[in-house]
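Its first residue numbered 12, the sequence shown is counted upward by one per residue in this note's numbering.
Step one of this worksheet: look at the structure below.
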Amino acid sequence: MTAPGTRGLLDSQPSNLLSVRRPLRDGHVEFGGDYNPEQWPREVWDEDLRLMTEARLTLATVGVFSWAQLEPEPGRYELDWLATVLDGLHAQGIGVDLATATASPPPWLTHRYPEALPVDHEGRTRWPGARQAYCPSSEAWRMHAVALVEQLAVRFGAHPAVRLWHIGNEYGCHTSRCYCDTCAVGFRRWLLRKYSDLDGINRAWATAFWSQGYSDVGEILPPRLTPDDAWSNPTQQLDYRRFASDTLLDEFLLERDVLRRLSPDIPITTNFMAMTRFNQVDYWRWVKEVDVVSTDYYPEFADPFNHVEAALSADLTRGLAGGGSWLLMETSPSAVNWQPRNPAKKPGALQRDAVQQVARGADGFNVFQVRASLVGAEKYHSGLIPHAGTDSRLWRETVALGSLLARLGEVAGSRVAAEVALLWDYDAWWACELDSHPSVDVVYPDRARALHHALWDRGISVDVVPPGAPLHDYRIVLVPTLYLATDEAAAAIRDFVAGGGHALITYFSGIVDEHDHVRPGGYPGAFRDLLGIRVEEFAPLLADQSVKLDDGTVADIWTEDLRVESAEAVRTYVDGPVPGRPAVTRHAYGDGVAWYVATRTDRQGTAAILERVVAETGVRPAALTTPGVEVTRRRRDERSWLFILNHTEADAVIPANGVDLVSGDEAVGEIRVRAGEVAVVRETGEE
Ligand code: GLA
Ligand code: ZN
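Below, the structure is given as structure tokens:
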């Protein structure tokens with residue numbers, strides 16, 4: 012079997028050598044975390060080093076929130092303490108992911124330049140006292156950030172401990188959009204670059220509506236608070252999200268270019284938040300600018316399927332890395348502090364979480380943070396060294412994990428192969444989130460999660476790709492809620508199907524173009540011909556309503572008055588607003604098939620549809636498995652590793668041959684993986 016699915020995106024990566032997605036170090040899966048020694052007295056630093064060595068940590072992210080300590084007053088830099096930290100880590104063989112420390116400005120900066128404070132859409136200033144309180148367009152902020160990065164690059168760019176530069180931190184996490192006057196000026200400039208002139212803006216924004224026509228570019232504002240129940244122009248809102256993402260990216264590039272100039276040999280990253288809960292920046296645009304793709308993933312503890320969400324986040328990050336190497340930069344070793352209720356992770360969960368990320372392509376597992384704080388807003392956030400000290404389960408699990416990840420070093424640089432792609436698009440997500448839509452219940456990531464979950468249950472790997480990506484290496488392409496579909500995205504899906512692939516498109520896809528203008532002639536405008544259907548009107552369900560389908564499954568949220576033209580009905584509604592009408596359709600098109608799911612099927616319904624698509628395409632799982640027992644395979648050259656993660660409460664038996672790197676046991680024909688445990692089988696004679 013070939014390894015399809017990863018070539019296309021790689022081709023589109025920049026040619027810069029550093030941009031090839033290779034592991035930080037061949038033969039090593041990194042293990043580390045955010046390390047914040049500035050919060051601790053010096054005596055603790057020695058113990059930190061001893062414990063990090065005991066747990067076999069290989070990477071420490073240092074200095075993320077250290078600006079105020081590194082530059083206590085404008086222009087007065089105190090870098091010696093950081094040199095001591097880097098020297099200490101280096102002496103233990105621990106590499107450093109060195110932050111540019113610009114994640115949060117010190118109070119002096121916004122005190123001197125109050126215009127550098129961010130303003131929300133209601134015109135309220137967001138004040139310092141927490142973190143990330145700055146306007147990304149601010150000249151003062153940018154000037155001081157660049158000066159700091161220059162100092163750090165000159166002093167530490169050649170330090171032997173430094174393996175990676177870490178710019179900013181979680182861009183957009185707290186201040187994603189600023190609505191101040193400086194940003195307004197930047198927005199106008201951005202719009203003129205995009206649309207050339209005022210006419211272009213008026214046309215794209217359809218300002219004939221509600222007397223919004225602009226006679227001068229200077230009249231244009233960010234989408235600030237408007238009168239009650241009168242929604243801002245949707246294209247203005249959409250463009251503002253694009254502009255805000257690009258503005259943060261500009262800010263990143265400013266720092267990146269300083270590092271490229273002064274420290275060209277050290278690769279550069281910034282920690283993304285590639286999760287289905289975060290869409291403040293368009294990572295497909297960012298990814299071309301980083302050398303190492305890294306992400307933060309935090310579980311939503313109230314979600315019983317948070318481990319499936321973790322898998323999707325990893326698949327998304329692998330997609331961002333073009334199928335190549337990436338790092339999990341942060342997750343919590345145990346509890347977080349920022350959910351309403353913050354339980355500790357159960358025994359074994361840390362190991363499962365770490366191996367899961369590696370199973371899905373990560374070449375490093377790092378946490379926030381090494382030592383749990385005793386002070387500050389995050390003191391109830393777990394660290395590898397907990398408040399309880401080293402006589403604790405968490406520390407023992409940490410030490411065991413360090414030794415396991417060291418044994419897994421051989422998988423670094425290998426790749427996960429997938430025959431299924433899932434389209435993921437921030438533009439479509441932003442547009443789908445706009446107000447005054449047919450139903451508030453249509454939520455962009457919902458169907459992506461459901462489709463991914465159904466395949467996860469079957470052990471089928473999914474690559475996450477941007478619209479417009481080359482699709483020819485895949486057998487199935489999933490198109491969840493692609494509400495906004497450009498002509499190019501629609502054409503890529505059409506060509507894929509014409510060439511023999513199966514596309515599965517879910518409701519509220521292909522409705523508008525890139526400006527959020529409806530595509531006329533019957534829904535879903537961009538996919539009507541491909542799907543062989545036509546919808547005259549939507550029939551969203553009211554809260555708490557559901558409908559039955561003719562296979563006995565139940566659906567909710569959405570139905571449509573759908574008529575098949577050249578498609579066949581696969582499922583129909585038994586009741587609800589459009590009884591007898593098709594709910595799922597299948598359309599032979601060219602050499603392939605286009606499927607449409609017009610309602611929010613339940614878990615069984617979704618699984619049944621995918622079962623059929625999988626059967627028709629012959630897509631195979633990494634290994635035969637049962638729901639809840641996650642399986643993936645990584646390959647490099649002739650070698651392969653089968654990862655098995657048992658998330659259930661019963662032992663599982665999975666077909667496997669080779670040596671389990673976790674237990675050291677030989678698997679002949681099959682392997683038993685106990686409830687909650689994991690196996691990583693270095694395979695012999697696979698296929
Ligand atoms: C984010 C940040 C960290 C820390 C953690 C806590 O990931 O990057 O600095 O605040 O959240 O979960
Ligand atoms: Zn601003």
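All residues carry an ideal CB built from backbone N, CA and C; glycine is no exception.
Just so we're clear, the structure is a prediction, and the values are computed from it rather than from any experiment.
List the endpoints of the continuous alpha helix (DSSP H) containing Met340.
Numbered from 1 along the sequence shown, position 329 holds the residue referred to as residue 340. Secondary structure note for Met340: it is in no alpha helix (DSSP H), and the uninterrupted beta strand (DSSP E) holding it is 337-341.
Cβ neighbours of Arg426 in the same chain (closer than 8 Å, five flanking residues each side left out)
Position 415 of the sequence shown, counted from the start, is the residue given in the question as residue 426. Contacts found: Ala14, Thr17, Gly334, Gly335, Gly372, Arg645, Arg646, Arg647.
Around the Cβ of Gly330, are there at least 16 other Cβ atoms within 10 angstroms (buried) or fewer (exposed)?
As a position in the sequence shown, residue 330 is number 319, starting the count at 1. Burial call: buried.
To the nearest whole angstrom, what separates the beta carbons of Leu327 and Val454, a pair I think is in contact under 8 Å?
What you label residue 327 is simply residue 316 of the sequence shown in a count that begins at 1. What you label residue 454 is simply residue 443 of the sequence shown in a count that begins at 1. About 17 Å separates the two Cβ atoms, so there is no contact after all.
Report yes or no: do the stretch 444-464 and the stretch 230-250 share at least 3 C-beta pairs separated by less than 8 Å?
In this structure the stretch 444-464 lies against the stretch 230-250, because at least three pairs of beta carbons, one per stretch, are closer than 8 Å.
Should Asn180 be listed as close to ligand 1, given that the test is whether its C-beta is under 7 Å from any heavy atom?
The sequence position of residue 180 within the sequence shown is 169, counting from 1. Yes, Cβ of Asn180 sits closer than 7 Å to a heavy atom of ligand 1.
Could you check the C-alpha separation between Pro234 and His132 for me, to the nearest Å?
Locating residue 234 in the sequence shown gives position 223, where the first residue counts as 1. Locating residue 132 in the sequence shown gives position 121, where the first residue counts as 1. Pro234 and His132: Cα-Cα distance of roughly 7 Å.
Does DSSP put Ala373 in a helix, a strand or coil?
As a first step, residue 373 is located in the sequence shown; it is residue number 362 there, counting from the start. Ala373: strand per DSSP, three-state reduction.
Taking 7 Å as the limit, tell me which residues put their C-beta closer than that to any heavy atom of ligand 2, in chain order.
Pro129, Val130, Cys146, Pro147, Ser148, Ser149, Cys189, Tyr190, Cys191, Thr193, Cys194
Close beta carbons around Val301, own chain, < 7 Å, minus the five adjacent residues each side:
In the sequence shown, the residue the question calls residue 301 occupies position 290. Taking Val301 as the centre and dropping the five residues before and after it, the same chain places the C-beta of Ile279, Thr280, Thr281 closer than 7 Å to its C-beta, in chain order.
Relative to ligand 1, is the shortest distance from any of its heavy atoms to the C-beta of Glu320 smaller than 7 Å?
Sequence index remark: in the sequence shown, residue 320 carries index 309 (1-based). No.
Going by beta carbon distance, what residues of the same chain come within less than 7 Å of Trp201, once the five residues before and after it are set aside?
The count along the sequence shown starts at 1 and reaches residue 201 at position 190. Shown here for Trp201: same chain residues with a beta carbon closer than 7 Å to its own, the five before and five after excluded, namely Phe254, Asp257 in chain order.
What residue does the beta strand (DSSP E) around Glu660 start on, and which one ends it?
The residue given as residue 660 occupies position 649 in the sequence shown. Element bounds for Glu660: n/a, residue is neither H nor E.
Please classify Phe220: is it buried, with 16 or more other beta-carbons within 10 angstroms of its beta-carbon, or exposed?
Translated into positions along the sequence shown, residue 220 becomes position 209. That one is exposed.
Pick out whichever of Val107, Gly104, Trp406, Gly86 has its Cα sitting closest to the Cα of Leu120.
In the sequence shown, residue 120 corresponds to position 109, counting from 1. Checked all of Val107, Gly104, Trp406, Gly86; the closest Cα to Leu120 is Gly86.
Can you name the start and end residues of the beta strand (DSSP E) that Val630 belongs to?
Counting from 1 along the sequence shown, the entry for residue 630 is found at position 619. From DSSP, Val630 is part of no beta strand (DSSP E); its letter is neither H nor E.
Close-in-space but distant-in-sequence residues of the same chain around Ala605 (CB under 6 Å, 5 per side omitted)
Reading the sequence shown from its first residue, position 594 is the one you call residue 605. If we look at Ala605 and ignore the five residues flanking it on each side, its Cβ neighbours are Val508, Ala514, Leu541, Leu542, His598.
Should Phe289 be listed as close to ligand 1, given that the test is whether its C-beta is under 7 Å from any heavy atom?
On the sequence shown, position 278 is the one that residue 289 refers to. Outside the cutoff, so no.
Does the distance from the C-beta atom of Thr517 to that of Val608 stay below 8 Å?
Here residue 517 corresponds to residue number 506 of the sequence shown, with the count starting at 1. Here residue 608 corresponds to residue number 597 of the sequence shown, with the count starting at 1. Their beta carbons are under 8 Å apart, which means Thr517 touches Val608 by this criterion.
Segment contact, 8 Å Cβ cut-off, at least three pairs: the stretch 127-145 with the stretch 184-198
yes
Which residues does DSSP list as the beta-bridge partners of Ile279?
Here the question's residue 279 lines up with position 268 in the sequence shown. Ile279 is bridged to Trp176.
Say the cut is 7 Å; is the CB of Phe379 nearer than that to a heavy atom of ligand 3?
This structure lacks ligand 3; the ligands present are ligand 1 and ligand 2.
Grab me the residues of Arg418's own chain with a C-beta within less than 6 Å of its C-beta, minus the 5 sequence neighbours each way, in chain order.
What you label residue 418 is simply residue 407 of the sequence shown in a count that begins at 1. Only Leu672 meet the Cβ criterion.
Which residues bound the beta strand (DSSP E) around Gln557?
Reading the sequence shown from its first residue, position 546 is the one you call residue 557. Here residue 557 is Ser; the residue named in the question, Gln, does not match the sequence. 557-559 is the extent of the beta strand (DSSP E) around Ser557.
I'd like to confirm the pairing. Which residues does DSSP put opposite Ile471 in its beta bridges?
The residue you call residue 471 lines up with position 460 of the sequence shown. According to DSSP, which records beta bridges pairwise, Ile471 is partnered with nothing at all.
Just checking, does the stretch 76-96 make contact with the stretch 401-408 on the three C-beta pairs under 8 Å criterion?
no
Segments assigned beta strand (DSSP E), at least 3 residues, entirely inside the stretch 145-210
173-177
Any heavy atom of ligand 1 inside 7 Å of the beta-carbon of Tyr309?
Translated into positions along the sequence shown, residue 309 becomes position 298. Under cutoff, so the answer is yes.
If you count every other CB in all the chains shown that lies within 10 Å of the CB of Lys356, and 16 or more means buried, which is it?
As a position in the sequence shown, residue 356 is number 345, starting the count at 1. Burial call: buried.
Local Cβ density within 10 Å of Ser30, reported as buried at 16 or more and exposed below that
Position 19 of the sequence shown, counted from the first residue, corresponds to residue 30. The predicted model places Ser30 with a pLDDT of 44, which falls under 50 and marks its position as unreliable; any figure quoted below should be read in that light. So Ser30 counts as buried.
Can you tell me the Cα-Cα spacing of Ala370 and Gln350, whole angstroms?
Along the sequence shown, read from residue 1 onward, the residue named residue 370 stands at position 359. Along the sequence shown, read from residue 1 onward, the residue named residue 350 stands at position 339. Taking the straight line from one Cα to the other gives about 27 Å.
Cβ-based burial, Gly3 [other Cβ within 10 Å; buried from 16]
A question about residue 3 goes unanswered here, because the residues of the chain that appear run from 12 up to 698.
According to DSSP, Asp671 sits in a beta bridge with which residue or residues?
Position 660 of the sequence shown, counted from the start, is the residue given in the question as residue 671. In the DSSP output, where bridge partners are listed per residue, Asp671 has Val692.
Any non-hydrogen atom of ligand 1 within 7 Å of Asp45 CB:
Translated into the one-based positions of the sequence shown, residue 45 becomes position 34. In this structure, Asp45 has its CB closer than 7 Å to one or more heavy atoms of ligand 1.
Residue burial classification, Tyr391 (beta-carbon count within 10 angstroms, cutoff 16):
Locating residue 391 in the sequence shown gives position 380, where the first residue counts as 1. The residue is exposed, with fewer than 16 neighbouring Cβ atoms inside 10 Å.
Integer-rounded CB distance, given that Arg683 should sit under 8 Å from Val701:
Coverage of the chain is limited to positions 12 through 698, which leaves residue 701 absent and any answer about it impossible.
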